[in-house]
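Participant: Structure below; questions to follow.
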Amino acid sequence: EHHLKVSAAGLDDGDFVMAAGYPGSTNRYTRLGEVRNTFEWSYPTFVTLINDWIDTIEATAPEGSDARVKYESRLAGLNNFEKNLRGQIDGARRVGLVDRRRDREAALNAWIAADASRQPYATAIAALDALSEESATAARTNFWYNNATRPQLLSAAQRLYRLAKEKEKPNAQRESGYQERDMAFFRQGLQALDRRYDASVDKAEWLLFLNGYLAQPEAERVAVFDEALGLTGVDDAKQLDAIVDAYYTGTTLDESETRLALMDASAAELEASEDPFMQLAIALHDYERKLEKESEEREGRALALRPAYMDAITRWQREQGLATYPDANSTLRVTYGTVLGGSPKDGMAYLPFTTLEGILEKDTGEDPFNAPEAQLKEIREKDYGGYALDSIGSVPVNFLSDLDSTGGNSGSATLNGRAELVGLLFDGTFESVNSDWDFDPRTTRTIHVDTRYMLWVMDKVDGAHSLIEEMDVVR
Numbered sequence: 004e005h006h007l008k009v010s011a012a013g014l015d016d017g018d019f020v021m022a023a024g025y026p027g028s029t030n031r032y033t034r035l036g037e038v039r040n041t042f043e044w045s046y047p048t049f050v051t052l053i054n055d056w057i058d059t060i061e062a063t064a065p066e067g068s069d070a071r072v073k074y075e076s077r078l079a080g081l082n083n084f085e086k087n088l089r090g091q092i093d094g095a096r097r098v099g100l101v102d103r104r105r106d107r108e109a110a111l112n113a114w115i116a117a118d119a120s121r122q123p124y125a126t127a128i129a130a131l132d133a134l135s136e137e138s139a140t141a142a143r144t145n146f147w148y149n150n151a152t153r154p155q156l157l158s159a160a161q162r163l164y165r166l167a168k169e170k171e172k173p174n175a176q177r178e179s180g181y182q183e184r185d186m187a188f189f190r191q192g193l194q195a196l197d198r199r200y201d202a203s204v205d206k207a208e209w210l211l212f213l214n215g216y217l218a219q220p221e222a223e224r225v226a227v228f229d230e231a232l233g234l235t236g237v238d239d240a241k242q243l244d245a246i247v248d249a250y251y252t253g254t255t256l257d258e259s260e261t262r263l264a265l266m267d268a269s270a271a272e273l274e275a276s277e278d279p280f281m282q283l284a285i286a287l288h289d290y291e292r293k294l295e296k297e298s299e300e301r302e303g304r305a306l307a308l309r310p311a312y313m314d315a316i317t318r319w320q321r322e323q324g325l326a327t328y329p330d331a332n333s334t335l336r337v338t339y340g341t342v343l344g345g346s347p348k349d350g351m352a353y354l355p356f357t358t359l360e361g362i363l364e365k366d367t368g369e370d371p372f373n374a375p376e377a378q379l380k381e382i383r384e385k386d387y388g389g390y391a392l393d394s395i396g397s398v399p400v401n402f403l404s405d406l407d408s409t410g411g412n413s414g415s416a417t418l419n420g421r422a423e424l425v426g427l428l429f430d431g432t433f434e435s436v437n438s439d440w441d442f443d444p445r446t447t448r449t450i451h452v453d454t455r456y457m458l459w460v461m462d463k464v465d466g467a468h469s470l471i472e473e474m475d476v477v478r
């Protein structure tokens with residue numbers, strides 16, 4: 004009974020826009036220690052690893068091979084993740100994120116110190132900072148172990164053994180993911196492995212991760228893992244190829260029927276298995292549960308400490324006449340601003356709108372820049388059909404705004420001041436990805452597809468006139 008009117012008149016530079024959506028998560032209130040650990044160690048370390056990981060897959064699975072087909076999705080995901088992390092690192096450096104967070108914490112500490120009644124805030128914040136350092140230490144210590152346990156067959160073995168152990172409990176007491184209601188999805192996951200697994204690639208990935216693990220200080224090695232793999236500390240790197248080969252030649256977990264049948268196996272039956280990946284999973288089970296329990300315990304302590312910290316932030320900002328909004332948590336949020344281009348760095352300028360002619364310029368005839376010929380024909384003929392924006396002399400395709408958005412906002416309806424649909428939010432500029440940590444209106448820009456382009460495609464390219472007639476289009 005309710006619907007949005009669709010604007011064919013659209014927007015111009017400087018016009019008001021707003022978007023309603025469900026942003027996933029942000030980190031605007033994380034403490035300085037966590038910010039520094041993230042941008043000075045975690046993200047740079049991940050970027051280096053991801054680039055090596057991409058090189059490993061591409062070298063082992065050449066273009067056109069069956070293996071490459073299975074790993075195209077992973078490669079795309081890794082490339083996107085690397086680009087995102089690199090953008091966050093660059094953006095944090097450009098806006099001085101660490102210094103901005105340090106200055107904010109110094110000002111908050113001064114406000115707390117100015118009144119003795121605020122001392123409980125200082126106590127809670129000190130405990131929160133200590134916990135943050137503890138979490139950072141755990142993350143660094145476990146980084147290479149977590150990567151060294153990535154092989155897909157090991158992951159399958161770990162899930163199967165965990166399932167067998169969980170099935171020893173009443174269904175209601177099992178961990179999420181291992182209850183009877185989860186079994187159809189569990190089965191699908193085991194079956195899906197066939198579509199994304201190649202032994203040569205998986206082996207090459209594991210060798211990459213294991214070599215990284217062996218290069219770490221002794222304190223960051225895991226004794227139970229070393230023992231299970233037969234790593235003695237003497238010539239371990241020289242033995243890796245033989246150790247890894249033995250796992251792949253001795254396993255049957257690469258067979259879908261075997262994996263599915265083991266869903267019904269008891270823990271004792273799995274413990275009697277001679278499959279090397281299953282034996283490794285069993286050897287690591289207790290250590291993995293220990294890591295899981297420690298992580299949950301740290302999260303519980305953080306949940307107890309954060310309210311005092313957020314109360315201090317809220318009171319401090321209120322005294323400055325500022326409102327405090329909560330970090331994104333996948334609940335409904337409305338963000339508003341204006342259509343606005345920008346200059347994220349010296350010598351670079353983003354115009355507020357892109358045009359149909361830009362599609363012509365980018366078209367290569369090959370994916371992903373292979374626009375339909377019918378669309379290219381209409382653009383060449385400049386058949387704008389009444390959807391053009393006079394100020395740019397063409398149909399606007401996408402536009403920029405200074406709205407505050409993040410992952411989870413994709414697809415959010417973008418409205419004008421009359422609550423008419425003027426676009427769909429779908430991305431942010433490369434320089435905006437670090438806005439999860441600190442929104443900076445100088446550099447943060449959100450990207451929307453323009454309804455005028457949508458209507459133009461429906462009208463001139465697809466001939467979907469009946470659909471346009473059904474829509475409440477405002478011209």
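Residue numbering for the sequence shown follows the numbering used here, beginning at 4 and increasing consecutively. Quick reminder that beta carbons are idealized off the backbone N, C-alpha and C, glycines included.
If you draw a straight line from the C-alpha of Leu294 to the C-alpha of Gly99, how long is it?
Facilitator: For Leu294 and Gly99, the distance between alpha carbons rounds to 34 Å.
Participant: Which residue comes first and which comes last in the alpha helix (DSSP H) that contains Asp93?
Facilitator: Where Asp93 is concerned, the enclosing alpha helix (DSSP H) stretches over Asp69 to Val98.
Participant: Within the same chain, show all residues whose beta-carbon is closer than 7 Å to that of Ala377, passing over the 5 residues directly before and after it, in chain order.
Facilitator: So the list reads Val464, once near-sequence residues are dropped.
Participant: Taking the C-alpha atoms as reference points, what is the distance between Val225 and Tyr124?
Facilitator: If you take the alpha carbons of Val225 and Tyr124, they lie about 38 Å apart.
Participant: Ordered along the chain, which non-local residues of its own chain (more than five positions away) have a Cβ less than 8 Å from that of Arg309?
Facilitator: The answer, listed in chain order, is Leu131.
Participant: At 4 residues or longer, and completely inside the segment 225-251: list those alpha helix (DSSP H) runs for me, N to C.
Facilitator: With a minimum length of 4 residues, the continuous alpha helix (DSSP H) runs that stay inside the segment 225-251 are 226-232.
Participant: Tell me which same chain residues have a C-beta within less than 6 Å of the C-beta of Lys172, skipping the five on either side of it?
Facilitator: Excluding sequence neighbours, Lys172 sits near nothing in its chain.
Participant: Please classify Gln161: is it buried, with 16 or more other beta-carbons within 10 angstroms of its beta-carbon, or exposed?
Facilitator: By the neighbour-count rule (16 or more Cβ atoms within 10 Å), Gln161 is buried.
Participant: Beta-carbon within less than 6 Å of Ile57's beta-carbon, same chain only, minus the 5 sequence neighbours each way: which residues are those?
Facilitator: If we look at Ile57 and ignore the five residues flanking it on each side, its Cβ neighbours are Leu81.
Participant: Tell me, which residues are paired with Arg301 by DSSP?
Facilitator: The partner list for Arg301 (beta bridge, DSSP) is empty, contrary to what the question assumes.
Participant: Where are the alpha helix (DSSP H) runs, 4 residues long or more, that stay fully inside the segment 422-474, in chain order?
Facilitator: Entirely contained in the segment 422-474, the alpha helix (DSSP H) runs reaching 4 residues are, in chain order, 454-459 and 468-473.
Participant: Per DSSP, Ser10 is paired with what?
Facilitator: DSSP lists Val477 as partners of Ser10.
Participant: If you draw a straight line from the alpha carbon of Ile362 to that of Glu381, how long is it in whole angstroms?
Facilitator: Rounded to the nearest angstrom, the two C-alpha atoms are 11 Å apart.
Participant: Which class does Thr1 belong to by DSSP, given the choice of helix, strand or coil?
Facilitator: Limits of the chain in this structure are 4 at one end and 478 at the other, which puts residue 1 out of reach.
Participant: Taking Arg199 as the reference, which of Arg71, Ile395, Leu458 and Ile285 has the closest Cα?
Facilitator: The option with the nearest alpha carbon to Arg199 is Arg71.
Participant: I want to know whether the segment 461-478 touches the segment 107-124 - three or more CB-CB distances under 8 Å.
Facilitator: Too few Cβ pairs lie closer than 8 Å, so no.
Participant: With distances taken from CA atoms, which of Arg184, Glu169, Val398 and Arg301 is nearest Leu386?
Facilitator: Going by the sequence as given, residue 386 is Asp instead of Leu. Measuring from the Cα of Asp386, the nearest candidate turns out to be Val398.
Participant: Measuring straight from C-alpha to C-alpha, what distance separates Lys170 and Asp185?
Facilitator: Approximately 12 Å, taken between the alpha carbons.
Participant: Hey, is Gln122 close to the ligand NAD, as in C-beta under 6 Å from one of its heavy atoms?
Facilitator: Ligands in the displayed structure: none, and consequently the ligand NAD is not present.
Participant: Might you give, ordered along the chain, the residues of its own chain that have their beta carbon closer than 8 Å to the beta carbon of Ala444, omitting 5 neighbours on each side?
Facilitator: In the sequence as presented, Ala is not what sits at residue 444; that position holds Pro. Answer for Pro444: Asp405, listed in chain order.
Participant: Give the single residue among Ala23, Tyr390 and Gly17 whose Cα lies nearest to the Cα of Ala416.
Facilitator: Ranking Ala23, Tyr390 and Gly17 by Cα distance to Ala416 puts Ala23 first.
Participant: Please confirm whether Met281 and Leu273 have their CB atoms less than 7 Å apart.
Facilitator: Yes, the Cβ-Cβ distance between Met281 and Leu273 is below 7 Å.
Participant: Can you tell which of Leu392, Ala218, Asp69 and Asp16 has its C-alpha closest to the C-alpha of Val204?
Facilitator: Cα-wise, what sits closest to Val204 is Asp69.
Participant: Are the Cβ atoms of Trp147 and Tyr216 separated by less than 7 Å?
Facilitator: Their beta carbons are under 7 Å apart, which means Trp147 touches Tyr216 by this criterion.
Participant: Is the Cβ-Cβ distance between Asp278 and Thr317 less than 7 Å?
Facilitator: Cβ atoms of Asp278 and Thr317: not closer than 7 Å.
Participant: Return the bridge partner residues of Tyr339 from the DSSP annotation.
Facilitator: Partner(s): Met21.
Participant: Using 8 Å as the threshold, is the segment 339-359 in touch with the segment 439-454, meaning 3 or more CB pairs across them?
Facilitator: Counting Cβ pairs under 8 Å, three or more are found: they touch.
Participant: Can you give the Cα-Cα distance for Arg262 and Tyr74, rounded to whole angstroms?
Facilitator: Straight-line Cα distance between these residues: approximately 21 Å.
Participant: Here's the rule: buried if 16 or more other CB atoms are within 10 angstroms of the residue's CB, otherwise exposed. What is Ser269?
Facilitator: Exposed, because fewer than 16 other Cβ atoms sit within 10 Å of the Cβ of Ser269.
Participant: Would you kindly work out how many angstroms separate the C-alpha atoms of Ser76 and Gln122, rounded to a whole number?
Facilitator: Their backbone Cα atoms lie some 52 Å apart in a straight line.
Participant: Check whether the Cβ atoms of Thr63 and Ala207 sit closer than 7 Å, and answer yes or no.
Facilitator: In contact: Thr63 and Ala207 (Cβ atoms closer than 7 Å).
Participant: Taking C-beta to C-beta, are Ile53 and Glu85 nearer than 7 Å?
Facilitator: Yes, they are a contact pair.
Participant: Going by the CB atoms, is the gap between Val400 and Asp523 shorter than 7 Å?
Facilitator: The chain is shown from 4 up to 478; residue 523 falls before or after that span and cannot be answered.
Participant: Who does Asn401 pair with in a DSSP beta bridge?
Facilitator: According to DSSP, Asn401 bridges with Val452.
Participant: Beta carbon of Val436, beta carbon of Gly90: below 7 Å?
Facilitator: Closer than 7 Å, so yes.
Participant: Using the Cα positions of Asn214 and Ala202, report the straight-line distance between them to the nearest angstrom.
Facilitator: Approximately 18 Å, taken between the alpha carbons.
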